[in-house]
Structures are given as structure tokens and as C-alpha cells.
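Okay, structure first, notes after.
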Amino acid sequence: MKLDDLKTRLMLDSRNEEERAERRFYFIGLILSVLLTVASFASVMTGLLPRAWIFPTLVILALTQIVVHLRVFLHIDLSRQKREDLQLLLFTILLLSIMAFGTLWIMASLSVRM
Amino acid sequence: MSQETNVHPGMNLGYTDGEREAEVKVFGFWVFVMSDLVTFGLVFAIFGTMAGATAGGPGPEDVTDLKSIALQTALLLGSSFGFSWASLSMKYHDQRWRTLGWLAVAATSALSFLIVEAIDFRDWYHMGAVPQRSGYLSALWALVGLHGLHVAGGLVWMAAMTGQILRYGLTDQIKSRVTRMGLYWHFLDIVWIGIFSMVFLAGVA
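Here the protein sequences come in this chain order: A and B. Residue numbers for the first sequence follow our numbering, so the first one is 90 and each next one is one higher. Residue numbers for the second sequence follow our numbering, so the first one is 11 and each next one is one higher.
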């Protein structure tokens, strides 16, 4: 019992090992999120990019950051136990893409014709 | 089943059963979150169709204060991260006050986010950028407002969880609730990524 206490205090047992690994993972996620966010703001605020490139850059940075958040904060991965969550997410994205892009397409086409 | 009927804490018999049920509940909550994603996605689509419909009123470059948006982004990310730390304290240390401390960090950060956002809304109102002015502004208020309402709802939920932790401690049932709240909270941060990139940054680019 006393040895266990000591181990816990010195962060030597496997539970602490696991905890440290998980905390490190969250930290990496946070740093990546901050970097991607700063890159998004910088692409607009610094004016370094040609105007035509800004929008595609923003889309790519946002999608990357969303993937980072899903992986790190929401624990979505390709492991078998979480396959259901992933399938649910992908199916929702499929339905949403059909509805959202359909809406944008139809309304844009309509406004061109008017 | 026993978890539903047995609201008394610390009496959860059959650990593996409880764990399995908690998993089912988390999956059920995922279904809710995904339906909420569809709602947000469609409001985004409406915003997309209205992006140019300013009708001579205030446009994106008038309503976007990038410093304020950057501050809101930092506050919401900080809140999300604080919530992760609360979850980890709960998972590995089982210490009530440590968990509550991080929950308080997450809540304070989210409350500051809402205050900064409310100041933006007030500025829009004073410059005449009200929802009825144009299609663009209607969609803007609807989308940003919907997200703000979700954050406000999350704050109420966090207050309720704080009360429950104080009253019952970190029981299995409470842990399962906090886990579900975490899904909701991180999901709102993901929606905000879409808002700051597509609504504000793309608006002034």
C-alpha cells in the first residue's frame, strides 16, 4: 500500500503513464489548433496571400482543424470499438453535404437566371 | 435500466452493465449531436445563399471586428481545453474539487466568450445592422445567434453538473453525464471553427 502511494506520487505507475500520454495528446491537439487558427487569421490579416488564394486556404485550414478537434477532443478514430461513431459521423456528413451543396447550387443557379 | 430507476448515487451494482449502458447513452448522445450538426449545416447553407444579399446595408466588412473574433476564438478554445482537463481530473484522480476547478475555468471562459459576443451584437445594433435590414444580416444573426444560444445552454448544463457533483460527488452516473456534456462542448467549438473561418474571415477576405 505504501509502495503504491510512493509510486503514485512519483508518477511511476502505469495509470500515471497513461494519464501523461493522454495529457500530452491533448496538448498536441491544443497547439495544432492554435497554429491552424493563427494561420487562418494571418492569411486574411497579413495580406501576404493573393486574394484568390485566401478562400481555398481558409477552407483547407478549417477542415484540418475540424479533423484535429474530432481526433483529439472527441476521440474519433479508426479503431473497431468506435466504428459506429465514425460511421454515424460520415453518414451525417454525407446527408448534410447533399442538402447543403444542393441548396447552394440551386440558389446560385436561380440568382444567375434572375 | 438500474441507472435510470436508481437515482440514488453510489448504489450502482453490476459495474460492467453500467459501463455498457453508459456507452449506449454516449452513442445516443452522438446521434443528437449529429442531428444538431445537420441543423447548423443547413443554417450555414442559408448563410451561403445570403452572403451577397446585403441590400445596400452593412456588409461583412462593417460587422466584422477581427480582434473581437480572435478573442472569442481563444476564449472558446480555452473553454474546450479546460473542459478536457476537468474530464481528465475526473478520470484519473477522482478528485471532486480539482474537477470542479477546471469546470469553473471552462465556464468562466465560455461566459467571457458570450460577453464579448454580446458586445459585438450591441455594436451591430447601433450601426443599424439589425436582422430585418437585409438577407445577409438575417442569416448572420441566425447563425451566430444559434451558436451563442447553444453556448448559453451549455453554461446552464455546466451549472447543473456543478450542483450535481457538489451534491452527489463523482459517481458513475455523474461521470457519464460529464462525458456527454464534453461531446456537446467540443462539438460547439467545431461549429465555431466554421463560423470564424467562413462567416468572418472569408467575409472580409
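Backbone N, C-alpha and C fix where the C-beta goes; we use that ideal spot for every residue, glycine too. Predicted, not measured: the structure shown is a model, and the values here were computed from it.
**OP:** Answer with yes or no whether the minimum CB distance from Tyr146 (chain B) to chain A is below 8 Å.
**Re:** Working through the second sequence from its first residue, we reach residue 146 (chain B) at position 136. Chain A contact via Cβ: absent.
Original post:
So with Cβ pairs under 8 Å, would you call Val133 (chain A) a contact of chain B?
Top reply: Mapped onto the first sequence, residue 133 (chain A) falls at position 44. With 8 Å as the cut-off, Val133 (chain A) counts as an interface residue toward chain B.
Original post:
At which residues does the alpha helix (DSSP H) containing Lys101 (chain B) begin and terminate?
Top reply: Within the second sequence, numbered from 1, the residue matching residue 101 (chain B) stands at position 91. Per DSSP, Lys101 (chain B) belongs to the alpha helix (DSSP H) from Leu76 to Tyr102.
Original post:
What is the C-beta distance between Ile79 (chain B) and Phe210 (chain B), in whole angstroms, given that I count them as a contact (C-beta under 8 Å)?
Top reply: By one-based count along the second sequence, residue 79 (chain B) stands at place 69. By one-based count along the second sequence, residue 210 (chain B) stands at place 200. The pair is a contact, with the Cβ atoms about 5 Å apart (cut-off 8 Å).
Original post:
Taking three-plus beta-carbon pairs below 8 Å as touching, is the segment 186-200 of chain B in contact with the segment 87-105 of chain B?
Top reply: yes
Original post:
For the putative contact between Val133 (chain A) and Ala152 (chain B), defined by C-beta atoms under 8 Å, what is the C-beta separation to the nearest angstrom?
Top reply: By 1-based counting over the first sequence, the position of residue 133 (chain A) is 44. By 1-based counting over the second sequence, the position of residue 152 (chain B) is 142. So it is not a contact: roughly 23 Å between Cβ atoms.
Subject >> Minimum C-alpha distance to Gly163 (chain B) - residue among B:Ala120, B:Ser99 and B:Thr49 >> reply: The count along the second sequence starts at 1 and reaches residue 163 (chain B) at position 153. Considering only alpha carbons, the answer is B:Ala120.
**OP:** Taking Tyr102 (chain B) and Glu108 (chain A) to be in contact with their CB atoms under 8 Å, please state how far apart those CB atoms are, rounded to whole angstroms.
**Re:** On the second sequence, residue 102 (chain B) is found 92 positions in, with the first residue counted as 1. On the first sequence, residue 108 (chain A) is found 19 positions in, with the first residue counted as 1. Right, their Cβ atoms sit about 4 Å apart.
Original post:
Between B:Ile175, B:Met60, B:Phe42 and B:Ala170, which lies nearest to Asp174 (chain A) when the distance is taken from Cα to Cα?
Top reply: Locating residue 174 (chain A) in the first sequence gives position 85, where the first residue counts as 1. For the residues B:Ile175, B:Met60, B:Phe42 and B:Ala170, the minimum Cα distance to Asp174 (chain A) belongs to B:Phe42.
Subject >> Buried/exposed call for Thr181 (chain A), threshold 16 Cβ in 10 Å >> reply: If you number the first sequence from 1, residue 181 (chain A) lands on position 92. Thr181 (chain A) is buried by the Cβ-count criterion.
**OP:** Using beta-carbon positions only, say whether Ala114 (chain B) and Leu147 (chain A) come within less than 8 Å of one another.
**Re:** In the second sequence, the residue the question calls residue 114 (chain B) occupies position 104. In the first sequence, the residue the question calls residue 147 (chain A) occupies position 58. For Ala114 (chain B) and Leu147 (chain A), no; Cβs fall outside 8 Å.
Original post:
Can you list the residues of chain A that Leu76 (chain B) reaches, using a CB-CB cut of under 8 Å?
Top reply: The count along the second sequence starts at 1 and reaches residue 76 (chain B) at position 66. What Leu76 (chain B) touches in chain A: Phe130, Val133 and Met134.
Original post:
Applying a beta-carbon distance threshold of less than 7 Å, which residues of chain A neighbour Val214 (chain B)?
Top reply: On the second sequence, position 204 is the one that residue 214 (chain B) refers to. The contacting residues are Val133.
**OP:** Specify the secondary structure class of Ser3 (chain B) as computed by DSSP and reduced to three states.
**Re:** With chain B covering 11 to 215 only, the question about residue 3 (chain B) has no answer from this structure.
Original post:
Which residues in the same chain as Val188 (chain B) place their Cβ atom closer than 7 Å to its Cβ, once the five residues preceding and following it in sequence are excluded?
Top reply: Mapped onto the second sequence, residue 188 (chain B) falls at position 178. Excluding residues within five positions, the ones whose Cβ falls inside 7 Å are Ser97, Met100 and Met171.
Subject >> N- and C-terminal bounds of the alpha helix (DSSP H) containing Val188 (chain B) >> reply: Counting from one through the second sequence, the residue named residue 188 (chain B) turns up at place 178. Counting along the chain, the alpha helix (DSSP H) containing Val188 (chain B) begins and ends at Asp182 to Gly204.
Subject >> Contact list for the segment 147-175 of chain B against chain A, Cβ threshold 8 Å >> reply: none
Subject >> C-beta neighbour in chain B for Ser122 (chain A), strict 8 Å >> reply: Position 33 of the first sequence holds residue 122 (chain A). Yes, its Cβ sits closer than 8 Å to a Cβ of chain B.
Original post:
Below 8 Å, can you find three or more Cβ-Cβ pairs linking the segment 172-192 of chain B to the segment 134-145 of chain B?
Top reply: no
Subject >> Residues that Ser122 (chain B) contacts on chain A, provided the C-beta gap is smaller than 9 Å >> reply: In the second sequence, counting from the first residue as 1, residue 122 (chain B) sits at position 112. By Cβ distance, chain A contributes nothing, its closest Cβ being about 17 Å from Ser122 (chain B), past 9 Å.
Original post:
If you run the structure through DSSP and keep just helix, strand and coil, what is Ser12 (chain B)?
Top reply: The count along the second sequence starts at 1 and reaches residue 12 (chain B) at position 2. Below a pLDDT of 50, predicted positions are generally treated as unreliable, and Ser12 (chain B), at 39, falls in that range; the measurement from the model is reported next regardless. Correct three-state label for Ser12 (chain B): helix.
Original post:
Taking all protein chains shown into account, do 16 or more other C-beta atoms lie within 10 angstroms of the C-beta of Trp107 (chain B), making it buried, or fewer, making it exposed?
Top reply: Stepping through the second sequence from its first residue, residue 107 (chain B) is reached at position 97. Under this definition Trp107 (chain B) is an exposed residue.
**OP:** Would you please verify whether the beta carbon of Arg172 (chain A) is less than 8 Å from any beta carbon of chain B?
**Re:** Stepping through the first sequence from its first residue, residue 172 (chain A) is reached at position 83. So, not an interface residue.
Original post:
Where do the ends of the alpha helix (DSSP H) carrying His158 (chain A) lie?
Top reply: For this step, residue 158 (chain A) is matched to residue 69 along the first sequence. Unbroken alpha helix (DSSP H) run through His158 (chain A): Arg140 to Val161.
**OP:** Could you tell me the distance, in whole angstroms, from the CA atom of Gln105 (chain B) to the CA atom of Glu29 (chain B)?
**Re:** By one-based count along the second sequence, residue 105 (chain B) stands at place 95. By one-based count along the second sequence, residue 29 (chain B) stands at place 19. Using only the alpha carbons, I get a separation of about 20 Å.
Subject >> Cβ-based burial, Ile125 (chain B) [other Cβ within 10 Å; buried from 16] >> reply: The sequence position of residue 125 (chain B) within the second sequence is 115, counting from 1. By the neighbour-count rule (16 or more Cβ atoms within 10 Å), Ile125 (chain B) is not buried but exposed.
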